[in-house]
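Written below as structure tokens is the structure these notes are about.
Residue numbers (our numbering), protein chains in the order written: chain A, 1 to 268; chain B, 1 to 283.
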């Protein structure tokens, strides 16, 4: 493999600076000691991080987002495991159509989904409820859960199951002792990727969240629409910190490349 | 058993039938309903909203802006993202993984937080970018970024860049380095190798990345809403306004359905074109 030229290295440095600049700016401004937006130069302060405590709507939105992400990802994984086994192991009528349907939330703009959910939930009496949020989030994170569970279901060696069966294990035992443990890594990383996507979702959620069921990104978005002050930068800095930690953990556990390169294939 | 796969997928199928297909159908229907300031939504079948969306110059201008921004964003990400993916691919072991994480990682960071960063960098007349450009003597008066299409394009290009890098990266992984070496051995210069060997092979990756970026840019919501403010509307922010401020749901539904249909036509059409053109590469 040949080396990059000095010109290429310069380009790479500029590109990396472009990608990181907005994220770093948010984190820097969050430490300002002033009461307005400014870069901390000689003095750093945590006052805007302490200030978050005085805004209970951010705190409750944070817990709601965590619960929503954990719950909807868990349900999405739970229903994608059997679906992944069906798609991976059986050839049946409508298999392609079904896969397309399950992957469709990636292709349908989230604004359109948000509008459709708003209309539907209002009609059936789930408008602005947490149950509605969970249902909507299961749908939008299911493609991520399904892709990773499907990948591990396809890679599963069926000889292991046949061996267990021939040694006298019941089908239930095979599922519990052989199949599930083998798909577990895909299941866990599918849950994690689904969780991150649920935790970050704003476009669809902004339509169906009511005051009292707002998620953290929605609360941040609505706050920014009114005014931008150091408080919202410190909240954003916390969100960035949490995401970066999750990202590094996910990279160690599963490999970010494996997790994401699959994602680029959805567009085709 | 013939019914096994259906039974296994039943929970997911039921959920998608009730929570995806039915609501989408209801939204299409809604776009044909009537609406009045005092009477609210009237469940009749009329073409009023569609006529308004398709002929009124306000909506035409807004859809024109939406697709213009999406086009600029797509070109920017392709022109700057593809070379970066190539450089990343040529990096040595620890750096490659680290910078892949740095460049693709932002994909998973909240869009609101990333856009907030751009709002801080642009920041009216006192934003960091303008201060830097003025102090370096490149410009004399601050450039407007906030509440302009330029600002939206730059911020969206940043938000969607990882998708392009990812698509080109995936294409580069399928490339046989021996072909490059063979070209060099046969006397080709580095530029010729890039143009005649690498580019034709990663073109499908660039195009599939372009399709993803275009679709996401045309339907983007949070970034145009924050950078564009309340006046500079794109399709997604307009639909949001109709639903949650004006409360004219049928008109908002027509805007959303039109956006969906336009995107499906463009994305499916472009994918067909790419697949036909590069059938031998996808082979």
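Quick reminder that beta carbons are idealized off the backbone N, C-alpha and C, glycines included.
What's the call for residue i, buried or exposed, on a 16-neighbour Cβ count within 10 Å?
| i | result |
| --- | --- |
| residue 65 of chain A | buried |
| residue 233 of chain B | buried |
| residue 137 of chain A | buried |
| residue 245 of chain B | exposed |
| residue 56 of chain B | exposed |
| residue 123 of chain B | buried |
| residue 186 of chain B | exposed |
| residue 166 of chain A | exposed |
| residue 223 of chain A | buried |
| residue 27 of chain A | buried |
| residue 173 of chain A | exposed |
| residue 182 of chain B | exposed |
| residue 178 of chain A | buried |
| residue 60 of chain B | exposed |
| residue 191 of chain B | exposed |
| residue 163 of chain A | exposed |
| residue 273 of chain A | With chain A represented from 1 up to 268, any question about residue 273 of chain A goes unanswered, as that position is not in the structure. |
To which residues of the same chain is residue i closer than 6 Å at the C-beta, ignoring the five residues directly before and after it?
| i | result |
| --- | --- |
| residue 214 of chain A | 61 |
| residue 14 of chain A | none |
| residue 45 of chain B | 32 |
| residue 31 of chain A | 40 and 44 |
| residue 81 of chain A | 149 |
| residue 82 of chain B | 168 and 206 |
| residue 270 of chain B | 211 |
Can you check which of these residues, the options, is closest to residue i by C-alpha distance?
| i | options | result |
| --- | --- | --- |
| residue 98 of chain B | A:90, A:211 and A:12 | A:12 |
| residue 67 of chain A | A:22, A:130, A:33 and A:32 | A:130 |
| residue 54 of chain B | B:278, B:183, B:274 and B:261 | B:261 |
| residue 255 of chain B | B:217, B:11, B:58 and B:21 | B:58 |
| residue 102 of chain B | A:254, A:244 and A:259 | A:244 |
| residue 34 of chain A | A:43, A:27 and A:257 | A:43 |
| residue 10 of chain B | A:237, A:154, A:95 and A:188 | A:95 |
| residue 86 of chain B | B:61, B:39, B:155 and B:198 | B:198 |
| residue 212 of chain A | A:32, A:133, A:229 and A:174 | A:133 |
| residue 150 of chain A | A:176, A:78 and A:207 | A:78 |
| residue 16 of chain A | B:24, B:27 and B:96 | B:96 |
| residue 274 of chain A | A:177, A:69 and A:128 | Within the shown structure, residues of chain A are numbered from 1 to 268, placing residue 274 of chain A beyond reach of any answer. |
| residue 286 of chain B | B:193, B:257 and B:269 | It is not possible to answer for residue 286 of chain B, since the shown part of chain B is limited to 1 through 283. |
| residue 177 of chain B | B:230, B:201 and B:264 | B:201 |
| residue 63 of chain B | B:265, B:247, B:271 and B:218 | B:218 |
| residue 259 of chain A | A:126, A:147 and A:29 | A:147 |
| residue 235 of chain A | B:161, B:141 and B:116 | B:116 |
| residue 144 of chain B | B:189, B:91, B:127 and B:135 | B:127 |
| residue 247 of chain B | B:129, B:22, B:23 and B:39 | B:39 |
Beta-carbon within less than 8 Å of residue i's beta-carbon, same chain only, minus the 5 sequence neighbours each way: which residues are those?
| i | result |
| --- | --- |
| residue 19 of chain A | none |
| residue 204 of chain A | 110, 111, 113, 114, 117, 136 and 140 |
| residue 170 of chain B | 205 |
| residue 1 of chain A | Residue confidence for residue 1 of chain A is low, a pLDDT of 45 falling below 50, so the modelled location carries little weight; the figure read from the coordinates is stated next. Excluding sequence neighbours, residue 1 of chain A sits near nothing in its chain. |
| residue 36 of chain B | 42 |
| residue 55 of chain A | 231 |
| residue 152 of chain B | 69, 223, 224, 227, 228, 232 and 234 |
Quick one: what's got a C-beta closer than 7 Å to residue i's C-beta in the same chain, skipping five residues either side?
| i | result |
| --- | --- |
| residue 267 of chain B | 211 and 215 |
| residue 43 of chain B | 33 |
| residue 104 of chain A | none |
| residue 139 of chain B | 133 |
| residue 100 of chain B | 88 |
| residue 73 of chain A | 141, 145, 191, 194, 195 and 198 |
| residue 238 of chain A | none |
| residue 160 of chain B | 73, 77, 213, 216 and 217 |
Within 8 Å, do at least three Cβ pairs link the stretch 95 to 109 of chain A to the stretch 120 to 138 of chain A? no
Going along the chain, which residues of the stretch 226 to 247 of chain A sit with their C-beta nearer than 9 Å to a C-beta in chain B? 228, 232, 233, 235, 236, 237, 239, 240, 243, 244, 246 and 247
Quick one: any contact between the stretch 238 to 254 of chain A and the stretch 182 to 194 of chain A, if contact means 3 or more CB pairs under 8 Å? yes
Do the stretch 44 to 56 of chain B and the stretch 243 to 252 of chain B make contact, defined as three or more Cβ pairs closer than 8 Å? yes
Between the stretch 92 to 116 of chain B and chain A, which residues of the former have a C-beta closer than 9 Å to a C-beta of the latter? 92, 97, 99, 100, 101, 102, 103, 104, 105, 106, 107, 108, 109, 110, 111, 112, 113, 114, 115 and 116
Does the stretch 173 to 186 of chain A come into contact with the stretch 216 to 229 of chain A, if we say contact requires no fewer than three beta-carbon pairs (one atom in each stretch) closer than 8 Å? no
Do the stretch 206 to 214 of chain B and the stretch 162 to 174 of chain B meet, that is, are 3 or more Cβ pairs less than 8 Å apart? yes
Three-pair Cβ contact test at 8 Å for the stretch 200 to 215 of chain A versus the stretch 108 to 120 of chain B: yes
Three or more beta-carbon pairs under 8 Å between the stretch 2 to 18 of chain B and the stretch 226 to 241 of chain B, yes or no? no
Anything in the stretch 15 to 27 of chain B with a Cβ closer than 7 Å to a Cβ of chain A? List those residues in chain order, please. 15, 16, 19, 20, 22, 23, 24, 26 and 27
Could you please tell me which residues of the stretch 139 to 157 of chain B, in chain order, have their CB closer than 7 Å to any CB of chain A? none
Using a Cβ-Cβ cut-off of less than 7 Å, list which residues of the stretch 252 to 264 of chain B approach chain A; keep chain order. 252, 253, 256, 259, 260 and 263
Check each residue of the stretch 45 to 59 of chain B: if its Cβ is closer than 9 Å to any Cβ of chain A, include it; give the result in chain order. none
By the 8 Å beta-carbon criterion, what residues does the stretch 64 to 90 of chain B contribute toward chain A? 80, 83, 84, 87, 88 and 90
Please determine if the stretch 154 to 169 of chain A and the stretch 231 to 242 of chain A are in contact, where contact requires at least 3 C-beta pairs separated by less than 8 Å. no
How about the stretch 150 to 159 of chain B and the stretch 65 to 75 of chain B: do they share at least three Cβ pairs that are nearer than 8 Å? yes
Name, going along the chain, the residues of the stretch 176 to 207 of chain B whose beta-carbon falls closer than 7 Å to a beta-carbon of chain A. 177
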